[in-house]
Every structure is written in structure tokens, then in C-alpha cells.
Amino acid sequence: MDFFPAPAPSFHDPIGLLRACHEKMLRHALTLERLPTHLEQHGADADFAQAAMRVLRYFDEAAPAHHMDEEATLFPWLLAHPGLSAALRSTLQRLRHQHTELEQNWYDLACDLRHVLTKGVVCPLRLEPFLSSNRAHLLCENTEIFPLAEALLDPETARELGTAMQRRRMASSSPGGV
Numbered sequence: 004m005d006f007f008p009a010p011a012p013s014f015h016d017p018i019g020l021l022r023a024c025h026e027k028m029l030r031h032a033l034t035l036e037r038l039p040t041h042l043e044q045h046g047a048d049a050d051f052a053q054a055a056m057r058v059l060r061y062f063d064e065a066a067p068a069h070h071m072d073e074e075a076t077l078f079p080w081l082l083a084h085p086g087l088s089a090a091l092r093s094t095l096q097r098l099r100h101q102h103t104e105l106e107q108n109w110y111d112l113a114c115d116l117r118h119v120l121t122k123g124v125v126c127p128l129r130l131e132p133f134l135s136s137n138r139a140h141l142l143c144e145n146t147e148i149f150p151l152a153e154a155l156l157d158p159e160t161a162r163e164l165g166t167a168m169q170r171r172r173m174a175s176s177s178p179g180g181v
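Shown next as C-alpha cells:
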């Protein structure tokens with residue numbers, strides 16, 4: 004048992020924060036994978052409802068904010084770097100496009116989860132293509148984009164990126180925010 008877990012990354016470590024979000028997404032993906040078996044064995048019970056609500060909250064709220072951190076802050080910064088290869092530029096464009104696809108796939112799965120929660124009726128969950136495309140997307144960012152960003156990132160730029168991410172979150176949570 005880890006009595007003193009490492010503190011979660013903060014906006015002072017923007018890439019660490021993005022990586023931590025990926026870890027949460029992967030943990031929620033594991034929960035999603037377990038839900039169909041749980042539904043078959045126990046129906047839409049309180050445990051299902053609790054797990055489904057936790058996953059819904061994360062992918063409805065935190066995941067879109069994470070995508071915006073990448074699309075509005077990290078990706079433009081990387082694309083502005085003069086030494087970035089054409090292949091990496093193409094990868095960043097593909098990842099940006101995948102965010103839209105992931106959000107649509109999530110919408111379909113979220114509708115299924117909400118249907119089970121509100122009706123209490125067991126129905127198939129459209130886990131695919133959400134789970135496989137999400138994992139492939141995270142793997143690409145974790146192995147290609149984040150290491151590159153960490154190699155290029157200096158302390159001042161890290162502070163700027165983290166501040167931009169923090170401001171976006173504050174603006175979206177304030178009255179009148181997005």
C-alpha cells in the first residue's frame with residue numbers, strides 16, 4: 004500500500020498533467036470494459052450506476068477540457084516549432100481530427116449508459132469503436148507527441164502552456180464561461 008502517493012501533476016507541469024489525464028482515461032476504459040459483464044450478472048444495480056456515473060462525468064467534463072488543452076495549447080505550440088518534421092505535423096493534424104471522432108464515439112456510448120441508468124433496462128453498450136480508438140490515440144500521444152514536447156519544453160514555455168491551460172479551465176467553470 005502506498006501511504007504517500009506522489010502528488011498529482013499541476014499546471015506547472017503541463018505535459019505531466021496531460022499524461023495523468025491519459026492514465027485516468029485508461030482506468031475509466033477498464034471500468035467500461037467490465038460493465039457489460041456486470042450488467043449480465045447483476046443488472047443495472049447501484050454498483051453499475053455508481054461506475055457509470057463516474058465514467059460519464061469524466062468523459063463528459065474532463066476529457067473535452069483535455070482535448071482543448073491539446074488543440075488550443077500544446078498542438079499549436081508544437082506546430083509553431085520550426086524543426087518539426089512534416090510527418091509529425093501530419094500526426095498532430097490526425098490527432099486533432101481523432102478528437103472529433105472520439106467525441107462522437109463517446110456520445111453514442113454515453114447514450115447507451117444513460118439509457119440503462121434511466122430505464123434500468125440492460126441493453127448492449129457500444130463500447131467499440133470508442134475503446135480501441137481511444138487507446139490507439141492515447142498511445143500515439145504518449146509515445147510520439149509527449150516525449151517530443153518534453154524534449155523541446157523549457158521552463159518558461161512550460162509555465163506559459165500551463166497558465167493557458169489553467170485559464171481555460173477557470174474560464175469554463177466561471178459564470179458566463181464556456
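Every number in the numbering used here is 3 more than the matching position in the sequence shown, counting from 1. Glycine included, each C-beta is placed from N, C-alpha and C at the ideal position. Bear in mind the structure is a predicted one, so any value in this text is a computation, not a measurement.
Rounding to the nearest angstrom, what Cα-Cα distance links P10 and H31 in this structure? 20 angstroms
Close Cβ partners of C126 (< 7 angstroms) along its chain, the five nearest in sequence each way excluded: D115, H118 and V119
Would you say L130 and L112 are within 8 angstroms of each other, going by their C-beta atoms? Yes, Cβ-Cβ distance for L130 and L112 is below 8 angstroms.
Can you tell me whether E185 is helix, strand or coil according to DSSP? Outside the displayed span of the chain (4 to 181) sits residue 185, for which this structure offers no information.
Terminal residues of the continuous alpha helix (DSSP H) containing S13? Unbroken run through S13: none, as it is neither H nor E.
Answer yes if the segment 77 to 84 comes into contact with the segment 94 to 101, meaning at least three C-beta pairs across the two stretches below 8 angstroms, and no otherwise. yes
Ordered along the chain, which non-local residues of its own chain (more than five positions away) have a Cβ less than 8 angstroms from that of F149? I18, L21 and R22
Going by DSSP in three states, L112 sits in which element: helix, strand or coil? helix
Indicate whether R162 and M71 have their beta-carbon atoms separated by less than 8 angstroms. no
Take G179 and list the residues in its own chain whose beta-carbon comes closer than 7 angstroms to its own, dropping the five residues that flank it on each side. At G179, the pLDDT of 46 sits below 50, so the modelled position is not reliable and the matter cannot be decided from this model.
I think S136 touches E106, with their Cβ atoms under 8 angstroms apart; what is that distance to the nearest whole Å? Their Cβ separation, rounded to whole angstroms, is 11 angstroms, which puts S136 and E106 out of contact at 8 angstroms.
State the Cα-Cα distance for the pair M173 and S88, rounded to the nearest angstrom. 34 angstroms
Between which residues of its own chain and H41 is the CB-CB distance below 6 angstroms, once the five residues before and five after are set aside? F51
Give every residue of the same chain whose Cβ lies closer than 7 angstroms to the Cβ of T34, excluding the five residues on either side of it in the sequence, and list them in chain order. A54 and V58
If you measure between the beta carbons of H25 and N145, is that distance less than 8 angstroms? yes
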